[in-house]
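Quick note: the sequence shown, position 187, residue 169 per this note's numbering, numbers continuous. The C-beta atom is built at its ideal place from N, Cα and C for all residues, glycine as well. Data block below; observations after.
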Amino acid sequence: MKISGFTFSRNGQKLYYPIKESIESMLPLVDEFIVALGDSDDDDKSLEEIESINSNKVKIIRTKWDLMKYPRGMEHAHQTDIAKNACTGDWVFYLQADELCHEKDHEAIFNRCEELNNDKEVEGLLFDYYHFWGDYNHCHNSHAWYRKEIRIVRNDPEIHSWESAQSFRRIPDFDGINYRQQEGTYKLKVAQVNAHIYHYGWVRPPQLMQTKRKYIDTNHKGAEKVSVLYSSEPDYFDYGNMSKVPIFQGTHPKVMQKRMDNFFWQEQLNYKNTRNAKKFKHDKLKMRILSFLENHITKKQIFGFRNYIKIK
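Written out as structure tokens, the structure reads:
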């Protein structure tokens, strides 16, 4: 059995993605790791960061993005497919550039792949999630955040990245263009794996968080619309009232230690319960009630969209 890792990135280092740490967190588990590296800005150092890993497992594919051909975030899925299509493993393990896996979960992940390798009914593996917010000590357990997602799939050419690359679907006779198509697509049959994905996409200095949001929104909405949307916004992102976000009680992947040691924007975060703090979806009363029920009563998601069929 062979496992391939894969990801995509563009301006990752410039936008404070832990791209190097993401790759390093998976390397001991996989036989190869494919990176679709887009045509980044001149001041981005992602290539140098990735090359500094100095592993013959890492293979870089240089790509060009076309937001006209792949609008509404579909270039993310297209780039994911480029990397996936270069994988040679029986299973392919996807991490976005702001996601890591923990070394303590490697054995469980490998064993689950091995256990299900010949069970062809299972098309993918489902992971739980930790969503960090603002810093490395606060982690959401809110209904407003997705709790599970597919991150390992079989190396099947009919399985494609879907929509804006958050998940996967089986798409027979895919035209290679419309990653947001609904008709003729099929949710994957998946099995749970006892492991978490560590999502650091909302852990950045406030100025870089705002810049990253502009880049991502441009990929989805176009530069002209984004220019209007952000014209009245500050040049920094306000994380709101951090005191209402639960404290993370676990450990982080070891490869994140240096980045965590360099945490320097604590003075820009609001750790006090102030009434005029910015409100987010996870702050709404409805979300707080649903979150309480899920965390303390049902122990599972209530309502909500699931892009998978869990069979094991």
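Distance between residue j and residue i (C-alpha atoms, nearest Å)
i, j, result
"A90", "D110", "13 angstroms"
"K27", "D138", "33 angstroms"
"N176", "H58", "27 angstroms"
"H122", "R186", "16 angstroms"
"F219", "K203", "19 angstroms"
"T167", "Q248", "44 angstroms"
"I132", "C69", "17 angstroms"
"F92", "R151", "22 angstroms"
"S146", "H234", "27 angstroms"
"G55", "G20", "14 angstroms"
"M242", "E165", "43 angstroms"
"Y(-2)", "M50", "26 angstroms"
Spatial neighbours of residue i in its chain, beta-carbon cut-off 8 angstroms, leaving aside the 5 residues before and after
i, result
"L9", "G(-13), F15, I35, S37, K39 and V40"
"N295", "In the structure displayed, the chain extends from -17 to 294; residue 295 sits before or after that span and is not available."
"V74", "I(-15), S(-14), G(-13), F(-12), K66, I134, V135, R136 and N137"
"D23", "N(-7) and K(-4)"
"F230", "Y112, F114, Y118, N119, H120 and C121"
Three-state secondary structure (DSSP) of residue i
i, result
"N93", "helix"
"N318", "One cannot answer for residue 318 here, as it falls past the ends of the chain, which runs -17 to 294."
"V74", "strand"
"H234", "coil"
"E215", "coil"
Other residues of its chain near residue i: CB distance less than 6 angstroms, five sequence neighbours each side excluded
i, result
"K(-16)", "D13, G71 and D72"
"P295", "For residue 295 there is no data in the structure shown, the boundaries of the chain being -17 and 294."
Proximity below 8 angstroms, CB of residue i to CB of residue j
i, j, result
"Y118", "H181", "no"
"T62", "Y76", "yes"
"I43", "A18", "yes"
"E31", "I64", "no"
"S143", "Y161", "yes"
"V237", "E6", "yes"
Own chain partners of residue i with C-beta closer than 7 angstroms, once the 5 adjacent residues on each side are dropped
i, result
"E103", "K171 and I293"
"Y212", "K196"
"Q189", "D217 and Y218"
Cβ-heavy atom distance, residue i to the ligand HEM, below 7 angstroms
i, result
"E33", "You won't find the ligand HEM in this model; it holds no ligand whatsoever."
At 4 residues or longer, what runs of the alpha helix (DSSP H) sit wholly inside the segment -10 to 35? Within the segment -10 to 35, the complete alpha helix (DSSP H) runs of at least 4 residues are 1 to 8 and 28 to 33.
What are the start and end residues of each continuous beta strand (DSSP E) run of 3 or more residues lying completely inside the segment 33 to 65, in chain order? Within the segment 33 to 65, the complete beta strand (DSSP E) runs of at least 3 residues are 40 to 44.
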